[in-house]
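Undergrad: Numbering (the working numbering), first residue to last: 737 to 1035.
Virtual Cβ for every residue (Gly too), placed ideally from N, Cα, C.
Please find one structure pasted underneath; my questions will follow.
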C-alpha cells in the first residue's frame, strides 16, 4: 500500500471509529453566573489522580472538535480532564457565541473563571492540575499561569496560543471592518471615561462579529494595546513546566513558531511544532497533538 493510500485509510479509520468519550456535565458558580464544563474521568481514576483543565478559543465552547478529541485521547491514555465553557457573560452558555447576542463580557473574565474552576477542583480533592488552553484560550491560560496560580497547578499546555502585534491588529481590524481601530477605540474610551462603560455600541466590528452590539468596556478589554496579548511575552513569567504546541500550517496564529524560536525561555518551556497541522489540529493531527500532551503529562 502506497503512503498516499495508507494515509487515506488511516484517516477513514480515525473518523469512523466510535468515540469512547463519556463526558459528565458539571456546574460551578461565580456570584449569580452559572459556569458549565465537561468532566471526563479516566477508567479507574479519581480527582485525586490529577486533572487537565482545558480552555477553548475565541467565542467557542467546550464541545468543539479539538477539545473533545483531546479529552477522548487523554481518557484512553488514562488521564482525566475538565473542559470548561467560558460564560462570556451568558449563564449556562454551551455552544458557539451567537453574534446576534449583545457582548457584555471582558477578556479578563476568562482568567477569573479558570481560577474558579481550579478552586472547584480543589474542593473535589484534586492533587494536581495541568492548565491547557487553545488559541485565545491559550493566551488566557498563559496569562492566568503568569499571575501566580494556585500551587496545585503543576504544568501548563498552550496549543496554538494567540500572538499579538499592535500594528498587525490595527491593520487587520481595518481590513476586515473598513474602519480604523483607533476610531472605535476612541469612541469606546470616551464612553468609558464618562461613566458609560456599560453602554452598548451598535453595528460594531468585534472579534469575529461584523455587526456586533458590544459595550464600550467589553471592546476596550479586547482591543486596548497590551503586550500580554502576545503569549511569548508571558512565558518568562511562568515558572511551571510549559509545553507550547504550534502547527506548521497554522493560518490563524502564523508567527508563534518564529517568535518562540527567536527567543530563549529557559529549560522549563518546550516548543513542539506539528508538521502540516493547521490551527484546529483536525483528523490525524489531533492524534499528534494528543501524543505530545500525553508525553508531557507523563514526564
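Three-state secondary structure (DSSP) at residue 760?
TA: strand
Undergrad: Smallest Cα separation from residue 1014: which of 981, 923, 994, 942?
TA: 981
Undergrad: Could you tell me how far apart the beta carbons of residue 816 and residue 786 are, in whole angstroms, since I believe they sit closer than 8 Å?
TA: Sure, about 7 Å apart at Cβ, within 8 Å.
Undergrad: Which runs of the beta strand (DSSP E), 3 residues or longer, sit entirely within the stretch 984-1020?
TA: You should have 1005-1010.
Undergrad: Who does residue 931 pair with in a DSSP beta bridge?
TA: Beta-bridge pairing links residue 931 to no other residue.
Undergrad: Residues in its own chain within less than 6 Å of residue 1007 by CB, not counting five upstream and five downstream?
TA: The residues are 980, 996.
Undergrad: Since residue 952 is in the alpha helix (DSSP H), which residue starts that stretch and which ends it?
TA: Its alpha helix (DSSP H) spans residues 952-959.
Undergrad: Output the distance between the C-alpha atoms of residue 911 and residue 1009, rounded to the nearest integer angstrom.
TA: 29 Å
Undergrad: Can you check which of these residues, 857, 895, 914, 936, is closest to residue 924 by C-alpha distance?
TA: The shortest Cα separation from residue 924 among 857, 895, 914, 936 belongs to 936.
Undergrad: Counting along the chain, where does the beta strand (DSSP E) carrying residue 914 start and finish?
TA: Per DSSP, residue 914 belongs to no beta strand (DSSP E) and is neither H nor E.
Undergrad: Using DSSP with H/G/I as helix, E/B as strand and the rest coil, what is residue 946?
TA: strand
Undergrad: Can you tell me where the alpha helix (DSSP H) holding residue 855 begins and where it ends?
TA: 845-859
Undergrad: Anyone know if the C-beta pair for residue 759 and residue 774 falls short of 8 Å?
TA: Yes.
Undergrad: In terms of alpha-carbon separation, which member of 964, 968, 891 lies closest to residue 976?
TA: 891
Undergrad: Along the chain, where does the alpha helix (DSSP H) that runs through residue 874 open and close?
TA: 872-882 is the span of the alpha helix (DSSP H), which, as asked, contains residue 874.
Undergrad: Since residue 805 is in the beta strand (DSSP E), which residue starts that stretch and which ends it?
TA: Careful: residue 805 lies outside any beta strand (DSSP E), inside the alpha helix (DSSP H) at 801-812.
Undergrad: Over what stretch of residues does the alpha helix (DSSP H) that includes residue 970 continue unbroken?
TA: 967-970
Undergrad: Are residue 827 and residue 770 close, meaning C-beta to C-beta below 8 Å?
TA: yes
Undergrad: Restricting to Cα atoms, I'd like to know which of 888, 965, 838, 902 is closest to residue 784.
TA: 888
Undergrad: Out of 1026, 944, 847, 805, state which residue places its alpha-carbon closest to the alpha-carbon of residue 873.
TA: 847
Undergrad: Give me the DSSP bridge partner(s) of residue 937.
TA: Answer is 950.
Undergrad: Tell me the DSSP secondary structure of residue 921 in three-state form.
TA: helix
Undergrad: Go ahead and label residue 999 buried or exposed: buried means 16 or more other beta carbons lie within 10 angstroms of its beta carbon, across all protein chains shown.
TA: exposed
Undergrad: DSSP state of residue 745, grouped into three classes?
TA: Any answer about residue 745 is weak, because its pLDDT of 40 lies below 50 and its placement is not dependable; what the coordinates show is given next. Helix, per DSSP.
Undergrad: For residue 1001, collect the residues of the same chain with a Cβ closer than 7 Å to its Cβ; drop the 5 residues on either side in sequence, then sort them by chain order.
TA: 971, 972
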